[in-house]
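Some notes on the structure that comes next.
Numbering (the numbering used here), first residue to last: 2 to 197.
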């Protein structure tokens, strides 16, 4: 088991960030995040998540029109914003990523299975986005995940061919402690859990 300090870093003391210090996030750090988070489980090892790391001034300007007013300033100032997206044709890779069942991609092919594909891709890219947050925290970075943006505008700007679809955004860097909101309450075990 990991120690108490690790639990604090990953969960108890970690906070959603609303502002970031002016410290860069390197390409090496982005690779390290991916190299950790890629090990998290997904349905049939489908790995549908795709990431665009928005860092340059030009890329930030491309993202800006899709952001809600409350998320604009902090996103423009964040060192990196990760667009967590999913591949709507993730199943094409299953012969490689799930070789123990070469016929697995048949479960997703065909227009009648489109809703199943979307549900699977959204669910598993959300899981992978959570792994991303845990990996970033483990590497000493802070995250500000958010859904306050126009998915259609993000998709038009960054995924114009329609294959990938945005799920949510994560601002990434070293958090500014002065911008963190007070900790909100969490449910207790007996309020949300039942053992049968």
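For each residue, glycine too, the CB sits at the ideal point set by N, CA and C.
Between the Cα of residue i and the Cα atoms of the options, which residue gives the shortest distance?
{"i": "residue 156", "options": "85, 26, 118", "result": "85"}
{"i": "residue 186", "options": "13, 44, 72, 24", "result": "13"}
{"i": "residue 103", "options": "111, 132, 47", "result": "47"}
{"i": "residue 16", "options": "171, 65, 193, 36", "result": "171"}
{"i": "residue 135", "options": "53, 41, 75", "result": "41"}
{"i": "residue 43", "options": "107, 112, 75, 120", "result": "120"}
{"i": "residue 164", "options": "92, 99, 7, 65", "result": "92"}
{"i": "residue 145", "options": "180, 167, 153, 118", "result": "180"}
{"i": "residue 160", "options": "52, 8, 2", "result": "52"}
{"i": "residue 166", "options": "73, 191, 197, 118", "result": "118"}
{"i": "residue 138", "options": "184, 89, 80, 37", "result": "37"}
{"i": "residue 96", "options": "74, 153, 45", "result": "45"}
{"i": "residue 162", "options": "109, 89, 132", "result": "89"}
Output the boundary residues of the alpha helix (DSSP H) element that contains residue i.
{"i": "residue 135", "result": "115-139"}
{"i": "residue 71", "result": "70-78"}
{"i": "residue 34", "result": "28-38"}
{"i": "residue 152", "result": "152-159"}
{"i": "residue 177", "result": "Segment: none, residue 177 is in no alpha helix (DSSP H) and carries neither H nor E."}
{"i": "residue 193", "result": "190-193"}
{"i": "residue 98", "result": "95-98"}
{"i": "residue 67", "result": "Segment: none, residue 67 is in no alpha helix (DSSP H) and carries neither H nor E."}
{"i": "residue 6", "result": "5-8"}
Just to confirm the assignment, what range does the beta strand (DSSP E) spanning residue i have?
{"i": "residue 50", "result": "50-55"}
{"i": "residue 143", "result": "143-147"}
{"i": "residue 173", "result": "165-174"}
{"i": "residue 86", "result": "81-88"}
Using a 10 Å radius around the Cβ and a threshold of 16 neighbouring Cβ atoms, would you call residue i buried or exposed?
{"i": "residue 19", "result": "buried"}
{"i": "residue 129", "result": "buried"}
{"i": "residue 71", "result": "exposed"}
{"i": "residue 193", "result": "exposed"}
{"i": "residue 2", "result": "exposed"}
{"i": "residue 188", "result": "exposed"}
Below 8 Å CB to CB, which residues in the same chain sit around residue i once its five sequence neighbours on both sides are set aside?
{"i": "residue 142", "result": "26, 30, 34, 173, 174, 175"}
Excluding the 5 residues preceding and the 5 following residue i in the sequence, name in chain order all residues of the same chain whose CB lies nearer than 7 Å to its CB.
{"i": "residue 61", "result": "55, 77"}
{"i": "residue 168", "result": "85, 86, 87, 123, 126, 127, 130"}
Any beta carbon from chain D within less than 9 Å of residue i's own beta carbon?
{"i": "residue 78", "result": "No chain D is part of this structure, which consists of one protein chain only."}
Please return the same chain residues whose Cβ sits closer than 6 Å to the Cβ of residue i, not counting the five positions on each side in sequence.
{"i": "residue 64", "result": "55"}
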